[in-house]
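In the working numbering, the protein residues as written are 61 to 609. Shown next, in C-alpha cells, is the structure this report addresses.
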C-alpha cells in the first residue's frame with residue numbers, strides 16, 4: 061500500500077469482536093494487551109511513511125493503546141526515526157457501574173466482566189491528527205472510525221455534517237476487511253484475476269462524503285460494483301447502520317462503475333447518532349472440548365446413535381453444563397461439551413470418546429486426539445449513555461483536547477431495524493413477480509451472497525445484478541423460503557431487510573451463533589459459509605432471467 065502508489069493515510073483494522081477476548085487472555089499470561097503484529101508490519105514501512113507524509117491510523121492498541129504507542133516510539137528510536145505518536149483511550153469501562161443488559165437478547169449478566177470497551181468514533185482520531193500525530197493507535201473504536209477520523213481531520217466536518225460523515229462510514233465499512241472489497245471471499249471468485257496477489261482497497265474520500273473505491277495498479281484482484289456490494293452487505297442488520305458519529309442509511313447508497321477497478325459511491329444520507337454507545341463486554345464462561353468422529357459407509361445415522369450411546373454410557377451427557385452434537389452431511393459427528401469444571405470437560409470427556417474405539421460402530425476413527433479442555437469466553441453487547449463515555453487523546457504522552465459534541469439533540473433511529481418484509485408477491489413499488497417458464501438451477505448462478513457474525517446473530521446478504529432479477533429475488537426469497545432452503549435456520553427468528561438500491565436483501569438470523577464466536581459450538585462459528593450454503597440450493601428461476609447467466 062505504501063509503495064504501490066500515492067496515499068495520504070494508511071489504516072489498519074486489528075479488532076474483531078473476538079480479538080478483545082484473545083488480548084485479555086494474552087494479558088493474563090503476561091503478554092501485551094495490544095497486537096504485536098502491528099509493530100512487525102510497521103517496522104517495514106514507518107520510515108517511508110514519515111518521509112512521504114503518510115499518516116498511520118490503527119486500532120491495534122486493543123486493550124493497551126498507551127502500551128502500544130510506547131512500543132511504536134521505541135521502534136522508531138531503534139530505527140533512528142523521529143515520529144510523533146498518539147493514542148486514543150477512554151473506551152475501557154472495566155470497573156464502571158454498567159447496566160449489563162444484553163442489547164440483543166435482553167438478558168442481564170450476573171458474571172463480572174473481563175473486558176468492557178465502548179466503541180468510540182472518529183472524532184478523537186481527528187483530534188490526534190490535528191495535533192500533529194504521525195501515528196495514531198486506538199483501543200476499541202468502530203471499524204469505520206479509522207476512515208471517518210481522517211475525514212473529519214482533512215475536511216473539518218462538524219457533528220451536523222451528517223451526510224459527509226455517513227459517506228465516510230460507508231467508505232470505512234467497505235475497506236475495513238481488506239481484500240474482501242477487492243475480490244477476496246467473493247461469490248463469483250472465478251471472475252477475479254490473480255486472486256493470489258490480491259491488492260488491498262483504497263478509498264478516495266471527498267469533502268461531500270462520496271468516495272471512489274479502487275486499488276493500486278498492477279495488483280491482483282477486482283474492484284467492481286459486485287465486490288463492493290458484497291462487502292457492504294457484510295455483518296450488517298437493517299438499512300440504518302448506527303455509529304458514534306452518525307447513523308448511515310445503507311438504503312441510500314448508490315454504486316456505479318468509474319473505470320477499470322474503480323467504483324464510485326455516492327448519495328449516502330446520514331441521521332443523528334443514537335444517544336447510546338455499544339460496549340463490547342467479555343467474560344470467562346468456563347471450559348470447552350470438542351471431539352470429531354468420522355462415520356463412513358452405510359447406516360450413518362444409526363452409527364451416530366450408537367456412537368453417542370457408547371460415549372454417554374461412560375460419562376453422562378447431563379453432567380455437563382452444555383452439550384452440542386452435530387452430524388454433518390459429510391459424515392462427521394462433532395460433539396462439543398462445555399462446563400465450569402476443566403477436568404470434566406477435558407481428559408475425562410475426550411478419553412471417554414477414545415475408549416469407545418474398539419466397542420463402537422464399524423469404521424470408527426476420529427479427527428481429534430484426546431486432549432485437555434480450553435477456556436472460552438462470551439461476548440456480551442450492552443449499551444451505555446454516550447454522555448458517560450469521554451474519549452481521551454495523548455500525543456507523546458501529553459493530553460490533547462478533544463472536541464466532544466455531547467449527545468445528539470435528536471438521536472438517530474439506530475434501534476429501528478427498518479422495513480422487514482416477510483413475504484408477498486410484489487416488492488417495493490409494486491413490481492410484479494416474473495411469470496412464465498422456469499429453469500431449475502442453484503440460486504448462486506443468479507445471485508451472490510456474503511455472510512458473517514454479529515455477536516450471537518448471523519447476517520446473510522444476498523444480491524443480484526438487475527432490477528428484474530431483484531424483483532424476482534425479493535418476491536421469491538422470503539424468510540419462509542429461506543428456512544426451507546436452509547432447514548437449520550427453522551428454529552430461529554429471521555428478519556429480512558430489503559435494500560433495493562443495491563438489488564439486495566439482508567437477513568439477520570437471531571441467536572444462530574449462541575453466545576457469540578468464542579462460545580459457539582458450530583463448525584462454522586462465524587457463519588462465514590452460510591451464504592455459500594444458500595447459493596448451492598436449487599431453485600426455479602424464470603427462464604428469461606437466466607439467458608445471460
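Backbone N, C-alpha and C fix where the C-beta goes; we use that ideal spot for every residue, glycine too.
Is it true that the CB of residue j sits closer than 7 Å to the CB of residue i?
{"i": "residue 393", "j": "residue 419", "result": "no"}
{"i": "residue 149", "j": "residue 188", "result": "no"}
{"i": "residue 453", "j": "residue 125", "result": "no"}
{"i": "residue 543", "j": "residue 549", "result": "yes"}
{"i": "residue 413", "j": "residue 308", "result": "no"}
{"i": "residue 93", "j": "residue 122", "result": "yes"}
{"i": "residue 515", "j": "residue 293", "result": "no"}
{"i": "residue 201", "j": "residue 232", "result": "no"}
{"i": "residue 411", "j": "residue 435", "result": "no"}
{"i": "residue 552", "j": "residue 563", "result": "no"}
{"i": "residue 213", "j": "residue 186", "result": "yes"}
{"i": "residue 182", "j": "residue 163", "result": "no"}
{"i": "residue 303", "j": "residue 276", "result": "no"}
{"i": "residue 154", "j": "residue 176", "result": "yes"}
{"i": "residue 385", "j": "residue 397", "result": "no"}
{"i": "residue 500", "j": "residue 605", "result": "no"}
{"i": "residue 451", "j": "residue 106", "result": "no"}
{"i": "residue 288", "j": "residue 323", "result": "yes"}
{"i": "residue 268", "j": "residue 224", "result": "yes"}
{"i": "residue 68", "j": "residue 143", "result": "no"}
{"i": "residue 389", "j": "residue 355", "result": "no"}
{"i": "residue 512", "j": "residue 295", "result": "yes"}
{"i": "residue 297", "j": "residue 568", "result": "yes"}
{"i": "residue 135", "j": "residue 99", "result": "yes"}
Please check the pair residue i and residue j, which I expect to be a contact at CB under 8 Å, by giving their CB distance rounded to whole angstroms.
{"i": "residue 576", "j": "residue 438", "result": "6 Å"}
{"i": "residue 52", "j": "residue 114", "result": "Residue numbering for the chain in the displayed model covers 61 to 609; residue 52 lies beyond these limits and cannot be assessed."}
{"i": "residue 572", "j": "residue 596", "result": "Going by Cβ atoms, the distance from residue 572 to residue 596 rounds to 18 Å, so no, they are not a contact pair."}
{"i": "residue 328", "j": "residue 315", "result": "No, residue 328 and residue 315 are not in contact; Cβ-Cβ is about 11 Å, not under 8 Å."}
{"i": "residue 347", "j": "residue 402", "result": "4 Å"}
{"i": "residue 241", "j": "residue 234", "result": "5 Å"}
{"i": "residue 311", "j": "residue 561", "result": "6 Å"}
{"i": "residue 610", "j": "residue 247", "result": "One cannot answer for residue 610 here, as it falls past the ends of the chain, which runs 61 to 609."}
{"i": "residue 211", "j": "residue 228", "result": "4 Å"}
{"i": "residue 507", "j": "residue 335", "result": "Not confirmed; about 38 Å, so no contact."}
{"i": "residue 578", "j": "residue 81", "result": "6 Å"}
Looking at the strands, I want to know which residues DSSP matches up with residue i.
{"i": "residue 388", "result": "Beta-bridge pairing links residue 388 to no other residue."}
{"i": "residue 258", "result": "280"}
{"i": "residue 76", "result": "Looking at the DSSP assignment, residue 76 forms no beta bridge with any residue, so it has no partner."}
{"i": "residue 169", "result": "Looking at the DSSP assignment, residue 169 forms no beta bridge with any residue, so it has no partner."}
{"i": "residue 301", "result": "308"}
{"i": "residue 455", "result": "146, 458"}
{"i": "residue 580", "result": "Note: residue 580 sits in no beta bridge, so no partner."}
{"i": "residue 607", "result": "In DSSP, residue 607 forms no bridge with anything."}
{"i": "residue 264", "result": "272"}
{"i": "residue 198", "result": "148"}
{"i": "residue 234", "result": "Per DSSP, none; premise fails for residue 234."}
{"i": "residue 555", "result": "568"}
{"i": "residue 382", "result": "398"}
{"i": "residue 161", "result": "168"}
{"i": "residue 393", "result": "353, 387"}
Check for me: the alpha helix (DSSP H) holding residue i runs from which residue to which?
{"i": "residue 80", "result": "79-88"}
{"i": "residue 125", "result": "125-138"}
{"i": "residue 370", "result": "360-374"}
{"i": "residue 286", "result": "285-292"}
{"i": "residue 528", "result": "527-536"}
{"i": "residue 594", "result": "590-595"}
{"i": "residue 540", "result": "539-545"}
Just curious, the beta strand (DSSP E) that residue i is in, first and last residue?
{"i": "residue 436", "result": "434-445"}
{"i": "residue 72", "result": "69-72"}
{"i": "residue 104", "result": "Per DSSP, residue 104 belongs to no beta strand (DSSP E); it is in the alpha helix (DSSP H), 96-112."}
{"i": "residue 409", "result": "Where residue 409 is concerned, there is no enclosing beta strand (DSSP E), although the alpha helix (DSSP H) it sits in stretches over 407-414."}
{"i": "residue 190", "result": "Premise fails: residue 190 lies in the alpha helix (DSSP H), 183-190, not in any beta strand (DSSP E)."}
{"i": "residue 424", "result": "Unbroken run through residue 424: none, as it is neither H nor E."}
{"i": "residue 339", "result": "336-354"}
{"i": "residue 501", "result": "498-502"}
{"i": "residue 176", "result": "175-178"}
{"i": "residue 511", "result": "508-514"}
{"i": "residue 562", "result": "First-last for residue 562: undefined, no H or E at that position."}
{"i": "residue 328", "result": "Careful: residue 328 lies outside any beta strand (DSSP E) and carries neither H nor E."}
{"i": "residue 521", "result": "517-523"}
{"i": "residue 118", "result": "115-118"}
{"i": "residue 600", "result": "598-602"}
{"i": "residue 63", "result": "First-last for residue 63: undefined, no H or E at that position."}
{"i": "residue 315", "result": "314-317"}
Enumerated in chain order, which unbroken segments of the alpha helix (DSSP H) with a length of 4 residues or greater are wholly contained in the region 202-231? With a minimum length of 4 residues, the continuous alpha helix (DSSP H) runs that stay inside the region 202-231 are 205-215.
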